[in-house]
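Quick note on this note's numbering: the sequence shown kicks off at 7 and runs consecutively.
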Amino acid sequence: MATESSSRSSVPIAQQNINDDSRSTYNSNRSDASRGSIRKINFEDLTCPCGRLRMHTSTTTDNPGRRFIRCPLWRDGCNFFQWEDDFARNLLYFHLKHIKPQIPGGMGDVVEAAVEAKHVEDDGQNKKITRLRTKLEEERKKSHFFLVCLVLSIGILFGLMLFGKN
7 MATESSSRSS VPIAQQNIND DSRSTYNSNR SDASRGSIRK INFEDLTCPC GRLRMHTSTT
67 TDNPGRRFIR CPLWRDGCNF FQWEDDFARN LLYFHLKHIK PQIPGGMGDV VEAAVEAKHV
127 EDDGQNKKIT RLRTKLEEER KKSHFFLVCL VLSIGILFGL MLFGKN
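So this is what it looks like as structure tokens:
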């Protein structure tokens, strides 16, 4: 798992509210963020083994400003980690599964279809972001190559000027 750092102090999950800038008191199964996999929430496992989850904000170049939930004891073996957006999606699926039977008049299917459409839209946006990151990395490599060629050319010209006068 890639190490993430926090740009501000972490806040206990229990002190946060899902409707504002901070997030929920629920927790979910560990998600392998390095591969971007998402696991569905298991109702029986809504906390990490330690029960001390904190919300953090990533300051890495790959995920700037992206929020994540992590146990403060992750270095001591509690490997709980999940991106906030993955967590929110899993929480939505969990609630939909338990609330859908209670929605009258077949509206549960409409709600489920809307959630699935949003999931497909999110996946499309994630693919677009991945493509743009790949393109940006290719452009950085091209720029680096051009810079190396420029420095070598200047070095060769300088060498020719020095040795050409002899």
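Cβ atoms here follow ideal geometry from the backbone N, Cα and C, with glycine treated the same way.
In three-state terms, what does DSSP make of residue i?
i    : result
F74  : strand
T140 : helix
K171 : coil
D68  : coil
What residues are listed by DSSP as bridge partners for residue i?
i   : result
F87 : R76
What do you get for residue i, buried or exposed, if any count of 16 or more other CB atoms within 10 angstroms of its CB means buried?
i    : result
M61  : buried
Q131 : exposed
L59  : buried
R95  : buried
F74  : buried
D82  : exposed
Apart from the five residues on each side of it in sequence, which residues of its chain come closer than 6 Å, Cβ to Cβ, to residue i?
i    : result
H125 : none
K141 : none
C56  : C77, L79, C84
Leaving aside the five residues before and after residue i along the sequence, list all residues of the same chain whose C-beta is less than 7 Å from its C-beta, in chain order.
i    : result
D129 : none
G165 : none
Tell me which same chain residues have a C-beta within less than 8 Å of the C-beta of residue i, skipping the five on either side of it?
i    : result
L156 : none
V121 : L98, Y99, L102
M167 : none
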